[in-house]
Amino acid sequence: MNSTRRAFLGTSLGAAAAVALGSGPAAAAAAGRRGCRRIPPSGIGMHLYTMRTPLAADFAGTLERLAAIGYATVGVSGRHGNSPSAIRRMLDRVRLRAVLEHVGYDTVTGAGLPQALEDVHTLGGRWIVVPSLPGALHSPAGYREVARQFNRAGLAARESGLKLLYHNHGGDHEVVDGVSLYDILLAETDPELVGFELDVYWAAKGGSSAPGDLFVRHPGRFPALHVKDMAPDGDFADVGSGVLDFPAMFDTARQGGVRQWLVEHDAPADPFASARASYRYLSRLRY
2 MNSTRRAFLG TSLGAAAAVA LGSGPAAAAA AGRRGCRRIP PSGIGMHLYT MRTPLAADFA
62 GTLERLAAIG YATVGVSGRH GNSPSAIRRM LDRVRLRAVL EHVGYDTVTG AGLPQALEDV
122 HTLGGRWIVV PSLPGALHSP AGYREVARQF NRAGLAARES GLKLLYHNHG GDHEVVDGVS
182 LYDILLAETD PELVGFELDV YWAAKGGSSA PGDLFVRHPG RFPALHVKDM APDGDFADVG
242 SGVLDFPAMF DTARQGGVRQ WLVEHDAPAD PFASARASYR YLSRLRY
């Protein structure tokens, strides 16, 4: 584990054994240095992959319950048979706002891009996000090709009034042949054309890209986050209940250009309970 990641996780992992008063061990560890900044209410959203099971059963009802919890925005990830215009109507009805949609790499780099951009506009979003890369590209040469493709697609997105973002997973932070794959994307994409939706769980778990450090080294490149917590055993956790030190991480979020904090839990036992707990933590957080 490198020194950057040790600095990021050290306090949090040590705090996992502490007694938390309602907001998780990492929050308890951070309480002594809590500041006065807060996430703006308009910036707290839900990435809808978390809610995929209830969405499949009742899309409109799920959105209504998220709005009642307090969420202001959503990231769309799967339409469950609904058209973009139908989803937009459901969102407008409960005063939620879609800020982005996840769209596959092959679509973004192929002939489907114009329609995908139009769909994001219909949803009311500002970002089109590639959620992952094909395994065949998992090499420095592959990521350099991805960077070239992203610059091309990013230009088309800008011309349509949107911006292209990339969402990371753990493998993106691997060091291959002495180079961090994620660093290739950061270095070889045009900041004017390509940004990043940083999944803070995978950045921390990947080991080479501590979020707070990325915000400083690459200012303005991270307009959206996936806020996902890590259990002491490395599994997923509701935001605020795990070991990640969010106050320390968010201390440099403004430098990173963060505008949206989108909650995500990949496998919640109870999606609505998870949504409530995560919203409660983020809405009360001071850093």
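Numbered as in my numbering, the sequence shown ends at 288 without a single skipped number. Cβ atoms here follow ideal geometry from the backbone N, Cα and C, with glycine treated the same way. Just so you know, these numbers come straight off a predicted model, no measurement behind them.
Status (buried if at least 16 other CB within 10 Å, exposed otherwise) for residue i
| i | result |
| --- | --- |
| GLY82 | exposed |
| THR54 | exposed |
| SER181 | buried |
| ALA31 | Note that ALA31 has pLDDT 46, beneath the 50 cutoff, so the model's placement of it is unreliable and the number below is only indicative. With 16 or more Cβ atoms within 10 Å of its Cβ, ALA31 is classed as buried. |
| PRO132 | buried |
| ASP1 | What is shown of the chain runs 2 to 288, which leaves residue 1 out entirely. |
| GLY136 | exposed |
Contact check, residue i vs residue j, beta carbons under 7 Å
| i | j | result |
| --- | --- | --- |
| LEU138 | GLU102 | no |
| GLY243 | ALA232 | yes |
| GLY126 | ALA99 | yes |
| SER279 | ASP246 | no |
| PHE151 | THR108 | no |
| MET47 | VAL228 | no |
| GLU375 | VAL95 | With the chain covering 2 to 288 only, the question about residue 375 has no answer from this structure. |
| SER78 | LEU49 | yes |
| PHE216 | GLN256 | yes |
| ALA73 | PRO42 | yes |
| ALA204 | PRO212 | yes |
| GLY155 | LEU194 | yes |
Three-state secondary structure assigned by DSSP to residue i
| i | result |
| --- | --- |
| LEU114 | helix |
| ALA232 | coil |
| ALA99 | strand |
| GLY208 | coil |
| GLU198 | strand |
| ILE40 | coil |
| SER284 | helix |
| ALA158 | helix |
| TYR167 | strand |
| SER275 | helix |
| GLY76 | strand |
| GLY46 | strand |
| LEU263 | strand |
Whole-Å CB distance - residue i paired with residue j, under 8 Å assumed
| i | j | result |
| --- | --- | --- |
| VAL1 | HIS168 | Given that the chain is displayed from residue 2 to residue 288, the structure contains no residue 1 and the question cannot be resolved. |
| PRO248 | LEU286 | 7 Å |
| VAL259 | PHE223 | 6 Å |
message = Using a Cβ distance threshold of 8 Å, determine whether the segment 199-210 contacts the segment 150-163, with at least three qualifying pairs required.
response = no
Stretch-stretch touch, CB-based, cutoff 8 Å, three pairs: the segment 49-63 with the segment 271-278 = yes
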